[in-house]
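Numbering (the working numbering), first residue to last: 3 to 159. Cβ atoms here follow ideal geometry from the backbone N, Cα and C, with glycine treated the same way.
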């Protein structure tokens with residue numbers, strides 16, 4: 003994926019996050035992008051504290067596409083995947099993760115909010131302990147402010 007594709011897909015994932023927020027859910031969004039780097043195969047907003055956008059999308063993808071195909075796909079998400087989501091991406095055999103803002107940036111926004119007890123475990127660290135190579139791209143500094151914006155007041159409620 004080139005920089006233009008990454009930016010376009012992150013902005014679309016952020017639109018998904020905004021829709022999730024309009025439905026009263028946490029403002030996170032994710033896309034599954036085909037190996038061509040262009041085609042969006044699926045999109046998912048956050049559902050609740052257990053059904054995160056990334057994990058839900060990865061599970062659905064694993065039911066609909068063969069592992070060999072998913073190894074060429076990219077999961078694009080507004081924030082760095084948590085341990086649950088990174089593990090699900092790993093088991094779904096999705097070959098690349100692209101995220102806009104870091105888990106550290108999220109923690110700075112949420113603090114000790116009961117609905118988002120952020121784990122201090124970077125997804126790269128979790129992925130590195132596995133037996134499959136998954137490329138991880140992120141955070142994307144040029145877009146971090148856009149990814150953070152929906153969260154600015156959300157966690158103060």
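- Give the single residue among 14, 156 and 137 whose Cα lies nearest to the Cα of residue 97. 137
- So the alpha helix (DSSP H) residue 58 belongs to, where does it begin and stop? 55 to 66
- How about residue 48 and residue 27: do their beta carbons lie closer than 7 angstroms? yes
- Task: Take every Cβ of the stretch 30 to 37, pair it with every Cβ of the stretch 45 to 59, and state whether three or more of those distances are shorter than 8 angstroms.
- Result: yes
- Query: If you compare alpha carbons, which of 85, 62 and 150 is closest to residue 43?
  - Reply: 62
- residue 99 by DSSP, collapsed to three states: which one? strand
- Looking at the structure shown, is residue 42 part of a helix, part of a strand, or coil, going by DSSP? strand
- Just confirm the distance between the C-beta atoms of residue 151 and residue 78, as a whole number of angstroms; I'd bet it's less than 8 angstroms. Residue 151 to residue 78, Cβ: 17 angstroms. No contact.
- Item | Exposed unless 16 or more other CB atoms sit within 10 angstroms - verdict on residue 52 | exposed
- Query: Given a threshold of 16 other Cβ atoms within 10 Å of its Cβ, counted over all protein chains shown, does residue 132 qualify as buried or as exposed?
  - Reply: exposed
- Query: Are residue 94 and residue 55 touching if we call contact CB-CB under 7 angstroms?
  - Reply: no
- Task: Report the residue from 147, 141 and 154 whose alpha carbon sits nearest the alpha carbon of residue 8.
- Result: 141
- Item | Limits of the beta strand (DSSP E) - the one that residue 150 falls within | No beta strand (DSSP E) holds residue 150; the alpha helix (DSSP H) holding it covers 143 to 150.
- Sheet register partners of residue 71 (DSSP bridge): Beta-bridge pairing links residue 71 to no other residue.
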